[in-house]
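These notes are about the structure you will find just below.
2 protein chains.
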Amino acid sequence: MIELDADQKTPLYEQLYAALADEIRTGQRAPGTPLPGRRTMAAQQGVSVNTVDAAYQMLAAEGLAEPRPRSGFYVQKTYGMLHSRARRARRAPAAPAPQPPAAPQPVYDLSTGSVDTALFPARSWGRIQKELLYQRPELLQRGEMQGDAPLRTQIAEYLSVYRGVECTPEQIVVGAGIEYLLGCLAHLFSDGMAAIENPGYFRTRTVLQNSGIPCTLVDIDREGLPADALEKSGANLCYLTPSHHFPTGVTMPATRRAQLLAWAAARPGRYILEDDYDSEFRFDTRPLPSLQGMAGPDGPVVYLTTFSKSLAPGIRIACMVLPQSLLARYRRDFATYANTVSRFEQQTLCEFMAGGYFTRHLARMRLAYKRRMEAFAAALRAALPGVELDGVHSGLHFLLTLPGAGGERAMVAAAAQQGVRLRGLSEYYLARPELCRADTVVAGYSALKEDDVEKVAQALARAWLS
Amino acid sequence: MIELDADQKTPLYEQLYAALADEIRTGQRAPGTPLPGRRTMAAQQGVSVNTVDAAYQMLAAEGLAEPRPRSGFYVQKTYGMLHSRARRARRAPAAPAPQPPAAPQPVYDLSTGSVDTALFPARSWGRIQKELLYQRPELLQRGEMQGDAPLRTQIAEYLSVYRGVECTPEQIVVGAGIEYLLGCLAHLFSDGMAAIENPGYFRTRTVLQNSGIPCTLVDIDREGLPADALEKSGANLCYLTPSHHFPTGVTMPATRRAQLLAWAAARPGRYILEDDYDSEFRFDTRPLPSLQGMAGPDGPVVYLTTFSKSLAPGIRIACMVLPQSLLARYRRDFATYANTVSRFEQQTLCEFMAGGYFTRHLARMRLAYKRRMEAFAAALRAALPGVELDGVHSGLHFLLTLPGAGGERAMVAAAAQQGVRLRGLSEYYLARPELCRADTVVAGYSALKEDDVEKVAQALARAWLS
Numbered sequence: 001m002i003e004l005d006a007d008q009k010t011p012l013y014e015q016l017y018a019a020l021a022d023e024i025r026t027g028q029r030a031p032g033t034p035l036p037g038r039r040t041m042a043a044q045q046g047v048s049v050n051t052v053d054a055a056y057q058m059l060a061a062e063g064l065a066e067p068r069p070r071s072g073f074y075v076q077k078t079y080g081m082l083h084s085r086a087r088r089a090r091r092a093p094a095a096p097a098p099q100p101p102a103a104p105q106p107v108y109d110l111s112t113g114s115v116d117t118a119l120f121p122a123r124s125w126g127r128i129q130k131e132l133l134y135q136r137p138e139l140l141q142r143g144e145m146q147g148d149a150p151l152r153t154q155i156a157e158y159l160s161v162y163r164g165v166e167c168t169p170e171q172i173v174v175g176a177g178i179e180y181l182l183g184c185l186a187h188l189f190s191d192g193m194a195a196i197e198n199p200g201y202f203r204t205r206t207v208l209q210n211s212g213i214p215c216t217l218v219d220i221d222r223e224g225l226p227a228d229a230l231e232k233s234g235a236n237l238c239y240l241t242p243s244h245h246f247p248t249g250v251t252m253p254a255t256r257r258a259q260l261l262a263w264a265a266a267r268p269g270r271y272i273l274e275d276d277y278d279s280e281f282r283f284d285t286r287p288l289p290s291l292q293g294m295a296g297p298d299g300p301v302v303y304l305t306t307f308s309k310s311l312a313p314g315i316r317i318a319c320m321v322l323p324q325s326l327l328a329r330y331r332r333d334f335a336t337y338a339n340t341v342s343r344f345e346q347q348t349l350c351e352f353m354a355g356g357y358f359t360r361h362l363a364r365m366r367l368a369y370k371r372r373m374e375a376f377a378a379a380l381r382a383a384l385p386g387v388e389l390d391g392v393h394s395g396l397h398f399l400l401t402l403p404g405a406g407g408e409r410a411m412v413a414a415a416a417q418q419g420v421r422l423r424g425l426s427e428y429y430l431a432r433p434e435l436c437r438a439d440t441v442v443a444g445y446s447a448l449k450e451d452d453v454e455k456v457a458q459a460l461a462r463a464w465l466s
Numbered sequence: 467m468i469e470l471d472a473d474q475k476t477p478l479y480e481q482l483y484a485a486l487a488d489e490i491r492t493g494q495r496a497p498g499t500p501l502p503g504r505r506t507m508a509a510q511q512g513v514s515v516n517t518v519d520a521a522y523q524m525l526a527a528e529g530l531a532e533p534r535p536r537s538g539f540y541v542q543k544t545y546g547m548l549h550s551r552a553r554r555a556r557r558a559p560a561a562p563a564p565q566p567p568a569a570p571q572p573v574y575d576l577s578t579g580s581v582d583t584a585l586f587p588a589r590s591w592g593r594i595q596k597e598l599l600y601q602r603p604e605l606l607q608r609g610e611m612q613g614d615a616p617l618r619t620q621i622a623e624y625l626s627v628y629r630g631v632e633c634t635p636e637q638i639v640v641g642a643g644i645e646y647l648l649g650c651l652a653h654l655f656s657d658g659m660a661a662i663e664n665p666g667y668f669r670t671r672t673v674l675q676n677s678g679i680p681c682t683l684v685d686i687d688r689e690g691l692p693a694d695a696l697e698k699s700g701a702n703l704c705y706l707t708p709s710h711h712f713p714t715g716v717t718m719p720a721t722r723r724a725q726l727l728a729w730a731a732a733r734p735g736r737y738i739l740e741d742d743y744d745s746e747f748r749f750d751t752r753p754l755p756s757l758q759g760m761a762g763p764d765g766p767v768v769y770l771t772t773f774s775k776s777l778a779p780g781i782r783i784a785c786m787v788l789p790q791s792l793l794a795r796y797r798r799d800f801a802t803y804a805n806t807v808s809r810f811e812q813q814t815l816c817e818f819m820a821g822g823y824f825t826r827h828l829a830r831m832r833l834a835y836k837r838r839m840e841a842f843a844a845a846l847r848a849a850l851p852g853v854e855l856d857g858v859h860s861g862l863h864f865l866l867t868l869p870g871a872g873g874e875r876a877m878v879a880a881a882a883q884q885g886v887r888l889r890g891l892s893e894y895y896l897a898r899p900e901l902c903r904a905d906t907v908v909a910g911y912s913a914l915k916e917d918d919v920e921k922v923a924q925a926l927a928r929a930w931l932s
């Protein structure tokens with residue numbers, strides 16, 4: 001006898017279905033045996049025949065029971081087989097493809113991709129998300145290809161005010177990460193060749209090459225990528241991080257920007273891909289406006305930015321601003337694509353921006369990260385006599401140079417021994433590592449807890465001075 | 467005088483910052499004018515100098531004020547300019563690129579991409595999501611490239627039990643939609659050519675062609691795509707919807723499946739891309755297990771499926787199962803990529819599956835959709851004498867043929883006049899539309915409300931019989 005409760009919110013047919021499904025799954029009802037007739041079951045349980053029928057149909061629909069013509073429902077014969085096969089598969093998985101061995105979990109993570117999760121505005125974000133889930137069921141349906149219009153409007157306004165980007169919401173494309181957007185761009189530039197900064201963000205090269213765009217490396221100088229070397233490279237595309245070069249922290253001065261824009265304007269089909277990945281975090285002066293803004297809405301610049309730093313890397317939202325010259329082709333070729341960002345997360349971000357939470361959140365993060373940077377830099381200078389720190393005033397990482405500590409490779413290894421994970425600067429040189437500044441590592445502090453600042457400095461002193 | 471409230475949860479420095487930011491934004495504090503000295507402001511407001519300093523730093527960090535050495539903070543000079551430029555941009559947007567004219571909003575939508583949002587389990591989904599947001603802050607960080615392992619484990623188990631897919635979680639790749647995953651596959655098959663079913667799912671052709679894979683069309687027969695025509699096509703890739711051919715509803719019989727697997731096995735480098743897009747919705751018998759399961763975990767099949775139908779198209783989660791032969795190369799080339807699905811949505815789905823909600827939700831949806839299909843089919847047969855309905859037992863759409871109603875094109879137009887949006891079958895013929903069955907339209911009922919079933923049948927009768 002199955003116990004049903006008419007007072008529960010769950011309908012009776014679903015309660016009956018759930019109880020029978022359990023009995024089948026646990027083997028109390030053997031494969032191939034008949035279920036009680038609908039009238040019999042209805043009488044036993046004191047429910048209507050329709051209720052029993054609905055429960056049986058659900059069992060059949062899920063493959064737990066099967067209807068046989070003129071004979072009622074039977075426990076699925078193949079169920080036990082499928083079930084035990086699934087269990088076998090769980091117990092004895094096939095040999096997986098080779099994976100890189102997992103590095104031991106570092107105690108302190110100075111890599112550049114993490115954020116301080118304590119700064120995430122979980123309360124406001126969660127409240128908005130919840131409201132949308134209950135009040136906006138239409139967000140379950142497919143949205144606009146470029147991203148929901150209200151979010152694009154918010155982003156256009158934000159980029160205009162804070163980054164000097166000149167665009168309309170129509171030029172904005174929202175996507176699940178810069179890598180996805182670069183893949184779309186690769187299609188638009190399918191006969192192109194891209195110049196990439198050396199040292200630089202190696203993921204960009206990987207994505208462009210995976211997408212069929214050959215890449216050539218151009219060495220940066222103290223002002224960023226030089227226009228004459230770019231001209232010589234033969235590339236028609238140029239990927240840049242002008243606000244805050246990754247990973248050296250160089251900010252490209254206005255003259256160099258003008259030279260690069262002149263390069264792009266000199267021939268049709270030349271474009272600059274401007275990655276403004278962490279421009280929100282500039283601690284000394286207001287950042288220079290974007291290259292896109294200098295070039296204007298019809299200029300030869302595609303502006304890219306991500307919310308990975310300003311919100312969280314686990315929430316996958318990035319966007320790009322297409323110049324008018326690329327927009328029509330993009331819309332034609334991608335017309336049937338679905339956007340890659342969940343509409344609930346798009347609209348949560350939209351309301352988060354529209355309500356003023358986003359700029360307030362950024363201001364709080366800037367303050368918190370600035371204080372952390374200052375405390376970390378002070379602790380490092382105190383613990384490591386002779387240390388040089390570069391690029392501290394912008395972004396969420398800086399360069400740390402310590403001559404006499406055995407060289408970059410030994411520094412990284414010794415730091416790891418002390419539980420501190422960081423990368424050597426030469427790891428970002430995709431070619432000609434001999435150009436790399438010696439004895440230098442990249443220290444990200446975005447995931448570093450304030451209480452740990454002193455401990456990390458001491459750990460590095462143990463690693464490098466003993 | 468600014469009013470601050472020490473009892474609020476918002477810290478005093480943030481209250482002060484917010485009030486000053488408002489005054490600057492609204493122009494009450496003019497660009498270029500000095501802010502009160504920190505001590506003065508502290509005394510005026512009855513707060514500490516540190517509080518004022520923190521507020522001023524936030525204003526500076528956000529670009530609303532600027533610090534001048536030995537002279538204190540000033541309202542940002544450029545702010546008004548940037549602000550008014552942004553407002554100008556909002557008022558007079560540049561002419562957007564041409565967009566297709568918006569179709570008039572249909573009263574009843576029989577297109578195939580929508581779902582009934584009333585069936586979405588918002589309560590359980592929302593509860594899980596909320597718990598994760600507050601209890602699992604580590605989900606804010608970057609996750610695994612192929613998708614979070616616990617979710618892949620759930621998916622592998624589900625696919626094994628319900629679709630006969632043979633795989634380990636290591637073979638699963640989670641992504642923000644089939645289109646994104648097809649783009650990744652295109653890279654792995656970069657020298658390939660793909661055969662596509664005709665008629666078929668035209669988006670697949672668009673994605674593969676955009677990603678550099680030439681496509682050739684192969685006409686299906688009554689059992690799906692014929693192996694001999696595939697052999698003649700010269701393609702090494704073959705995109706199939708064997709469980710439920712889109713849009714005709716043909717289920718590929720076992721013999722044809724075996725022939726196609728033999729085609730793939732005959733030469734190295736041949737692969738079948740099996741799109742199992744709506745196999746959850748089969749109303750008569752248990753669906754045939756997947757082709758992937760027939761081929762085994764090392765066979766030449768990539769299995770693709772989406773949660774767009776089983777959850778919602780607005781939540782962007784799909785997955786593919788890579789055979790071992792492709793896995794190592796995939797991992798190497800995409801090693802540095804971030805996954806495209808928000809980790810909160812990944813983990814919400816994971817707990818939704820682990821807790822048994824997913825299979826229960828599917829069973830409820832099957833029952834609801836089955837009843838709707840039966841009611842809709844009955845209403846159509848009653849209202850449209852001579853109508854033929856095909857493919858009713860599977861998927862969330864069927865074919866409707868009505869000879870004597872003026873032909874497909876006239877049927878679609880007349881239905882639109884009556885507020886019913888649907889497509890003609892010939893729209894899915896990417897070539898040789900002369901092969902298309904005459905007088906036939908595709909009727910999706912997934913977004914059709916139960917109360918509207920009769921009204922739609924009557925509207926179609928007005929459209930086609932008068």
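Chains as they are written, first to last, in my numbering: chain A, 1 to 466; chain B, 467 to 932. Beta carbons: idealized from backbone N, C-alpha and C, even for Gly.
Cβ distance (whole Å) where residue i is taken to contact residue j below 8 Å
i, j, result
"residue 594 of chain B", "residue 814 of chain B", "5 Å"
"residue 725 of chain B", "residue 693 of chain B", "4 Å"
"residue 490 of chain B", "residue 541 of chain B", "5 Å"
"residue 908 of chain B", "residue 578 of chain B", "7 Å"
"residue 770 of chain B", "residue 741 of chain B", "5 Å"
Classification of residue i by the beta-carbon crowding that lies within 10 angstroms, buried from 16 upward
i, result
"residue 77 of chain A", "exposed"
"residue 58 of chain A", "buried"
"residue 734 of chain B", "exposed"
"residue 1 of chain A", "exposed"
"residue 374 of chain A", "exposed"
"residue 460 of chain A", "buried"
"residue 496 of chain B", "exposed"
"residue 134 of chain A", "exposed"
"residue 905 of chain B", "buried"
"residue 514 of chain B", "exposed"
"residue 901 of chain B", "exposed"
Contacts around residue i, its chain only, beta-carbon distance under 7 Å, and the 5 residues preceding and following it disregarded
i, result
"residue 287 of chain A", "243, 279"
"residue 618 of chain B", "612, 635, 638, 640"
"residue 200 of chain A", "246, 428, 430"
"residue 858 of chain B", "839, 843, 864"
"residue 32 of chain A", "74, 75, 77"
Nonlocal neighbours in the same chain, by C-beta distance under 8 Å from residue i, ignoring five residues either side
i, result
"residue 474 of chain B", "481"
"residue 325 of chain A", "298, 300"
"residue 330 of chain A", "173, 184, 188, 322"
"residue 801 of chain B", "611"
Beta-carbon proximity list for residue i, same chain, < 6 Å, skipping 5 on both sides
i, result
"residue 237 of chain A", "189, 192, 194, 271"
Original post:
Is the segment 310–323 of chain A touching the segment 176–189 of chain A in the sense that three or more CB pairs, one from each, lie closer than 8 Å?
Top reply: yes
**OP:** Go through the segment 315–377 of chain A residue by residue and report every complete run of the beta strand (DSSP E) that reaches 3 residues or more, in order.
**Re:** 318–321
Original post:
Do the segment 592–612 of chain B and the segment 165–174 of chain A touch if we need at least three Cβ pairs shorter than 8 Å?
Top reply: no
**OP:** Specify whether the segment 439–452 of chain A and the segment 115–126 of chain A touch according to this definition: at least 3 beta carbon pairs, one from each stretch, less than 8 Å apart.
**Re:** yes
Original post:
Is it true that the segment 890–899 of chain B meets the segment 847–859 of chain B, where meeting means three or more beta-carbon pairs spaced less than 8 Å apart?
Top reply: no
Subject >> the segment 360–374 of chain A touching the segment 333–346 of chain A, judged by at least three CB pairs closer than 8 Å >> reply: no
Subject >> Runs of alpha helix (DSSP H) wholly within the segment 611–675 of chain B (minimum 4 residues, chain order) >> reply: 615–629, 644–654
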